[in-house]
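Asks: UniProt numbering numbers the first residue of the sequence shown as 1 and each following residue consecutively.
In this text, a Cβ means the ideal position worked out from N, Cα and C, and glycines have one as well.
Note that the coordinates shown come from a computational prediction; the quantities given were computed from them, not determined experimentally.
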Amino acid sequence: MPYRPPLIAREFFVADPPELPVREPGEEGLSALTSAEVVAFDGQGVTLKGSTSAEETLVVQITVAGEGVIRVRLSEDPDARTRSSRAISMVAPGEYGGAVVEASHSRVVVDAGSLRAEVRLNPWKLRFTDRAGRTLVEQDPGHPDISGRLRTLPFGRSTLDGAPVAYHDTFAAPADEAFGGFGESFTPLDKRGQRPLMWNFDAFGAESQRAYKNVPFYLSSRGYGICVDSGTPVEFDVCQSTHSAVQIIVPDDLIDYYVIAGPTPAEVLDRFDGLTCRPELPPKWAFGTWISSGFFRDSQERVLDRARKIRERGIPCDVLHLDCYWQADGHWSDLQWDPETFPDPAGMLATLKEQGFKVCLWMNSYISHLSPAFAEAAEKGYFLKRPGGETYVADTWHGSYPACGIVDFTNPEAVEWFKGLLRERLREGVAAFKTDFAEGVPADAVAFNGMTGTELHNVYALLFNDIVSDVTREVNGHGLVWARSSYLGGQRHSAQWSGDSDTTYPAMGSTIRGGLSHGLSGIPFWSHDAGGFSGTPSPDLYIRWSQFAALSPLVRFHGTTTREPWEFPPHAEQAAIEALRLRYRLMPYIYSAAVTAAETGAPILRALCVDYPDDPVAWQADLQYLLGTDLLVAPMTSADGTRKVYLPSGVWVDYWTGEAVDGGRYVTVSPPLDQIPLFVRHGSLIPVTEPGDTVADAPRVSLLAFGLPERESRTTIRDLDGDTTVTAVRDGDRLVVTAEGPKQIDGVEFVGPGAPVVINEKPPGERPCSE
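1) What three-state label does DSSP hand isoleucine 590 in the structure shown?
2) Going by the beta-carbon positions, is the gap between leucine 462 and glycine 490 smaller than 9 Å?
3) Counting along the chain, where does the beta strand (DSSP E) carrying tyrosine 167 start and finish?
4) For the beta strand (DSSP E) that lysine 49 lies in, which residues bound it at each end?
5) By Cβ distance, which residues of its chain are closer than 8 Å to arginine 423, with the 5 residues on each side in sequence left out?
6) Run through DSSP, which three-state label would lysine 743 get?
7) Looking at C-beta atoms only, is the number of pairs between the region 148-167 and the region 248-257 that lie closer than 8 Å three or more?
8) Specify the secondary structure class of aspartate 529 as computed by DSSP and reduced to three states.
9) Should aspartate 79 go down as buried or exposed, given a rule of 16 or more other Cβ atoms within 10 Å for buried?
10) Going by C-alpha distance, which of Asp111, Glu37, Gly98, Lys49 is nearest isoleucine 70?
11) Between the region 378-389 and the region 478-492, do at least 3 Cβ pairs fall closer than 8 Å?
12) Grouping DSSP H, G and I as helix and E and B as strand, with all else coil, what is serine 85?
13) Run through the region 363-395 for me and flag every whole beta strand (DSSP E) of 3 or more residues, listed as ranges in chain order.
14) Determine the extent of the beta strand (DSSP E) in which glycine 722 is found, giving its start and end residues.
15) Return the chain-ordered list of same chain residues with a C-beta closer than 6 Å to the C-beta of asparagine 458, the five sequence neighbours on each side being excluded.
16) For phenylalanine 374, tell me which candidate among Gly193, Pro339, Leu335 has the shortest Cα-Cα distance.
17) Applying the criterion that 16 or more other CB atoms from any shown protein chain within 10 Å of the CB defines a buried residue, is isoleucine 146 buried or exposed?
18) Return helix, strand or coil for asparagine 465, following the three-state DSSP convention.
19) Could you pull the start and end residues of the alpha helix (DSSP H) that isoleucine 70 belongs to?
20) Looking at the secondary structure, which residues open and close the beta strand (DSSP E) in which glutamine 61 lies?
21) Buried or exposed for aspartate 16, please, with buried defined as at least 16 other CB atoms from any protein chain shown within 10 angstroms of its CB.
22) Would DSSP call glycine 347 helix, strand or coil?
23) Which word fits lysine 358, buried or exposed, when buried means at least 16 other C-beta atoms lie within 10 angstroms of its C-beta?
24) What are the complete beta strand (DSSP E) segments, minimum 3 residues, inside the region 239-299?
25) Taking arginine 427 as the reference, which of Leu370, Leu349, Val234 has the closest Cα?
26) Report all residues from its chain with a CB closer than 6 Å to the CB of threonine 341; omit the five preceding and five following residues, and keep chain order.
27) Quick check: the Cα distance between leucine 153 and methionine 198, rounded to an integer number of angstroms?
28) Quick check: what's the CA-CA separation for glutamine 61 versus serine 106?
29) The beta strand (DSSP E) spanning isoleucine 686 covers which residue range?
30) By the 10 Å Cβ neighbour count, where 16 or more other Cβ atoms means buried, how is tyrosine 392 classified, buried or exposed?
31) Quick one: residues in its chain with C-beta nearer than 6 Å to the C-beta of lysine 644, no 5 flanking neighbours on either side, listed in chain order?
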């Protein structure tokens, strides 16, 4: 009997990406830049006329876009812009006053300080070096194989029937180079051997290369990053088809990318955010616990009962999230309360406010064709259209909900109409919106401004979140959205979560990887559904995921079934509450890390390579992370209760036992069910507080000192009242602690062997720490 492959269900949804044509053997249409000549140059860059192997003339522009940042463009038209720019601008290149450009008939050098581009004009060659001349990355020369065919795509373009279909470039990749980023990718942290496609999917979980949030940016273990400015489905072949090269394919009117110097990942991310935008710092209450109604029918009575139980049981919580069923079933998402189940929403919101709760409402940009709002919006042209001009009614819920119209945010009138719906809810007292979906723009849709669905698909998430953020800021004074989809520059939307993960240990592991990759893409404020989304977690998984959530940048309990702690066995409820109390105790540390992240773009949930870029293991250890700079967290991603934890170089202190452990190696841990593996950098000072019901209930701060520093330890407590710098200086067997700033330090507790005498001193003009 002939072999037949197993039957595998093919995943699909309304917005599958278009496929690029496949070039047949011997078929023409591939051109490579072979030489160039200088047309013009100034103090910031150079314009070159390039000749290709297909006897075309293309324009190359290499310019300084900031200190340590160089932009490269290849196009037919020197004024070409990415097609997505008709809807939104994602990158804002700057200048560098110290730039130097040298050009001759054979060579060009563009110097941006910590990054240099060196060009040989004939034959063409481009490489980038650091200030000292060390090669960071260079274009792959694309040597033909024995058959005469190129195995990698050159710096050039591909055409079909004479029309350009994509531009491309390829960079040589040394055998030991590692790559991180590309957005919220749930695959292993080092993307070498993978092929990320920049197309926002409804990913149906967190266990494939399909991602809700793509970012066409990566950083390298060799001390640089690359950002591609395009909203089209850019494809990165990261040493997959050819293990020694990274290929970038851009189906746009040009290839437009930025090479960004480090040398550290943190420095790359700082410059990257300078190009795109700085992260938006969420309001402080957003760092408290969010507890959801879950994805099933809800009511005003149930919400008020939920709030009462949370306070009675001493569960730290700042936000109640109301998911789909605050609206009438079948009408999602027309942004109107269901009058039967929520007869007095304003009264309910006022009561919750008195109890210390903020309220977040679920919504998306799809409106069911059964909703009363649909006919009005369709008649006025507020939805995306089909090529023939009729409203595009799409199966955005994959058969599980009525088909919907997709609000067209390129239409200014549709934007104002949609903002009006949001404004009504905000003025009633709603604090924020969860912006779900937005990955469903079909490739064949047509927008009001003439863009195709392919051109709009990725940047639609930015338009959606921008609109919700703008109107929220207008009414409430902050721009927080809780977003599922995003794209390049999406760090300005200050809360993102990882989508619909399964309730399994492997899914929790993949979720950690997604958060680490997203952090390496410039997005620091990230979360996930504690317990997983689809299904009901076992009690032990609920505990382990609650611990991971409590030590994440943001924390929310949500799923298709309830995640309310009291709906689990008593031991699971107690363990989840204790995890949240630990979070609230660490709130001065977490919020300090958040303020710094908003300023620098460095993630809060940090892959080890952020702080240990020269350690090869740090680019591979992707089931653990640093929370801020001093806490190492290793969630339990298996039910067997044992795991290996990699401790980087130095000495680490077990948070629970105070035992000092030498790093630079793996250790095996078997923590009890009510503890998550947690290590603290030796010598660090961790600001803590007494946990209360809400974040605002704990204004006073004390310190945990983990081991005697060799000489001095320092930490900065960052809060709404300003920065307080605390210094601990070792004096023999004494630890002398001083604080400068608005915070009064209530005391210092030493954790670890050999507790010293702690002395709180008063610096000139400041008050002492209290004993």
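Replies: On the basis of the data shown:
1) helix
2) yes
3) 163-172
4) 45-52
5) Val471, Glu474, Val475
6) coil
7) yes
8) strand
9) exposed
10) Asp111
11) no
12) helix
13) 366-368
14) 722-731
15) Asn200, Gly231, Tyr487
16) Leu335
17) exposed
18) helix
19) Isoleucine 70 -> not in any alpha helix (DSSP H); beta strand (DSSP E) instead, spanning 69-75.
20) 57-66
21) exposed
22) helix
23) buried
24) 245-250, 254-261, 289-292
25) Leu349
26) Ser299
27) 18 Å
28) 16 Å
29) 684-688
30) buried
31) Tyr666, Thr668
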